[in-house]
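Numbering that gives the first Met the number 0 puts the first residue of the sequence shown at 0, with every later residue one more than the last.
Note that the Cβ used here is the ideal one computed from N, Cα and C, for glycine as well.
This report concerns only the one structure given below.
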Amino acid sequence: MSDNPSSPIYRLLGGGTPTSVARGGLIKIGSSTALAQIAALAATPILSRLYAPSALGVLATIVSMATVFMAAASLKIEAATTLVDSHTEAGWTTRLSLIVAGNTSLVLLLGLLVGESTGVLGTSPLRYWSATIPIIVFLGSSFAVLTQLCLREREYGQIASRAVYQSYGTFGAQIGLGFIWAGPAGLILGQVFGRAIGIASLARRNKAWQGRPPAGTYGRILKRYWRFPVVFATSAFLNALGLMAPLLFVAWHFGPGSAGQLAMAQRVMLAPVALCASAVAPVFAAELTSRIRRKQVIRHVYVKVSGVLAPLGLAVGLLAAFVVPHVLPGLLGPRWGEVGPFVTIMSATIALQLVASPLSYVFLALEKTKLSIALDLGRFGTLLGAIVATIHFEWNIQSSVLWMYSGLAAIYLTTWAFGLHAVRTHDIDTQRLNEGPAKL
Numbered sequence: 000m001s002d003n004p005s006s007p008i009y010r011l012l013g014g015g016t017p018t019s020v021a022r023g024g025l026i027k028i029g030s031s032t033a034l035a036q037i038a039a040l041a042a043t044p045i046l047s048r049l050y051a052p053s054a055l056g057v058l059a060t061i062v063s064m065a066t067v068f069m070a071a072a073s074l075k076i077e078a079a080t081t082l083v084d085s086h087t088e089a090g091w092t093t094r095l096s097l098i099v100a101g102n103t104s105l106v107l108l109l110g111l112l113v114g115e116s117t118g119v120l121g122t123s124p125l126r127y128w129s130a131t132i133p134i135i136v137f138l139g140s141s142f143a144v145l146t147q148l149c150l151r152e153r154e155y156g157q158i159a160s161r162a163v164y165q166s167y168g169t170f171g172a173q174i175g176l177g178f179i180w181a182g183p184a185g186l187i188l189g190q191v192f193g194r195a196i197g198i199a200s201l202a203r204r205n206k207a208w209q210g211r212p213p214a215g216t217y218g219r220i221l222k223r224y225w226r227f228p229v230v231f232a233t234s235a236f237l238n239a240l241g242l243m244a245p246l247l248f249v250a251w252h253f254g255p256g257s258a259g260q261l262a263m264a265q266r267v268m269l270a271p272v273a274l275c276a277s278a279v280a281p282v283f284a285a286e287l288t289s290r291i292r293r294k295q296v297i298r299h300v301y302v303k304v305s306g307v308l309a310p311l312g313l314a315v316g317l318l319a320a321f322v323v324p325h326v327l328p329g330l331l332g333p334r335w336g337e338v339g340p341f342v343t344i345m346s347a348t349i350a351l352q353l354v355a356s357p358l359s360y361v362f363l364a365l366e367k368t369k370l371s372i373a374l375d376l377g378r379f380g381t382l383l384g385a386i387v388a389t390i391h392f393e394w395n396i397q398s399s400v401l402w403m404y405s406g407l408a409a410i411y412l413t414t415w416a417f418g419l420h421a422v423r424t425h426d427i428d429t430q431r432l433n434e435g436p437a438k439l
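This is the structure we're talking about:
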């Protein structure tokens, strides 16, 4: 990024000429994410006819469980990659993150094998596919770790191309296998295949992590960035658990068929969120950490990006509430009748998530421990309350999902407000440190 005090993101989203790196980063990542989401949406009508809702429910449960563990598999050590001073140290940080992710996945595999042998997993469909959870955890966390290294080097093209490979590989394999296996096998194996393609190509291209560091390097990194494994890994785990809780609870309480219906609704409506998050968040994160290292103010960047995302969120929310539910029956087929009502229930939450999700990196960049934990505990407590109420009052599935997603909507709104407070506090401290005028 340029050393000019005017943020490239700020100029790109509002006024002035962006640097070629920032502009190229947004264009490459945004275009590739758009292609990936187009592939997902194009594959959805085909997959909905090849697989029953129960099959998608098993896949969604597997992936949701993997996502929870994936969030903390590397103990968030890779977040320090963009903060360390040298390219060499960034490679060592990446290597440490990969080692930790591999060990975490191995421990998870051993735990699942013990559960299998002792009968803890019972006779559910998950029993036959539980071994794929640690595989997905390792592949997904490794991809995230290597992506952080690419972000530090501003190799946005690498992130873009690998995301496309992963998406097209996943859906291509799932469609092809769908003609062979009508059950969850094709969906799960296709998921593993797509993730393997993404990580293999990324690992070959990035060589910085392959060098062995001097003795004591890992300990020094952990000592300097202890908040990442101790605080933010825990926070990420709670965050992922909160996000996955609705689907995991529906799968447990209402069965894999209902979980498949909810997963299909999420699949359709999270596409615009993923597009905005993948296009804006990486460049926003890189710019944010760059400005923090240079001791510059960041509030105007936060506000400007919020102003761009808010109208997009509103548009997506209105479409989800009034248009999408009427279009889905013809696209998905007769087996997916519950998806439309779920989309309507999710509309406000999706609108707020589209704004808050890309901006939430600010808590990690500023190491705002208390704010991050407060949000995660609030999310978890809100969802837990809805789950307990569902069981106690014997709510039907739509009432349960409504209360869970209403709670998530409130949390996303609070997340944005806490983020604004965090950047304002940072700018006040920066102004005092620099002993000069700053636009707050």
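Contact under 8 Å by Cβ, residue i with residue j
i, j, result
"Gly56", "Pro255", "yes"
"Thr441", "Leu308", "What is shown of the chain runs 0 to 439, which leaves residue 441 out entirely."
"Leu432", "Lys294", "yes"
"Ala78", "Phe283", "no"
"Leu237", "Asp426", "no"
"Phe379", "Leu240", "yes"
"Ser141", "Ala100", "yes"
"Val422", "Arg219", "no"
"Gly193", "Arg161", "no"
"Ala39", "Ser200", "no"
"Ser31", "Val163", "yes"
"Tyr404", "Met345", "yes"
"Ser96", "Val144", "yes"
"Arg334", "Pro44", "no"
"Met67", "Met243", "The question names Met, yet the displayed sequence has Val at residue 67. Result yes, Cβ atoms of Val67 and Met243 sit closer than 8 Å."
"Gly418", "Phe362", "yes"
"Ala214", "Ala59", "no"
"Ala181", "Tyr50", "yes"
"Ser305", "Trp415", "yes"
"Leu183", "Trp251", "Here residue 183 is Pro; the residue named in the question, Leu, does not match the sequence. Their beta carbons are not under 8 Å apart, which means Pro183 does not touch Trp251 by this criterion."
"Val400", "Phe341", "yes"
"Ile386", "Phe248", "yes"
"Val354", "Gly312", "yes"
"Arg153", "Ala285", "yes"
"Gly139", "Met69", "yes"
"Val296", "Thr81", "no"
"Gly377", "Thr424", "no"
"Gly177", "Leu46", "yes"
"Val230", "Thr368", "yes"
Reduced DSSP category for residue i - H, G, I as helix; E, B as strand; rest coil
i, result
"Val296", "coil"
"Ala72", "coil"
"Leu82", "coil"
"Pro44", "helix"
"Arg153", "coil"
"Phe178", "coil"
"Arg211", "coil"
"Ser129", "coil"
"Thr424", "helix"
Continuous alpha helix (DSSP H) stretch holding residue i: start and end
i, result
"Ile61", "Pro52 to Met69"
"Pro328", "Val323 to Leu331"
"Arg334", "It is not in any alpha helix (DSSP H) - Arg334 carries neither H nor E in the DSSP assignment."
Min CB distance residue i to chain D below 8 Å
i, result
"Leu330", "The structure shown contains no chain D; it holds only a single protein chain."
Whole runs of the alpha helix (DSSP H) within the stretch 343-414, excluding any shorter than 4 residues: 360-364 and 368-392
Cβ pair count under 8 Å reaching 3, the stretch 123-139 against the stretch 171-188: yes
Every unbroken alpha helix (DSSP H) inside the stretch 221-290 [4 residues or more]: 232-253
Segment contact flag, the stretch 148-157 with the stretch 260-277, C-beta cutoff 8 Å, min 3 pairs: no
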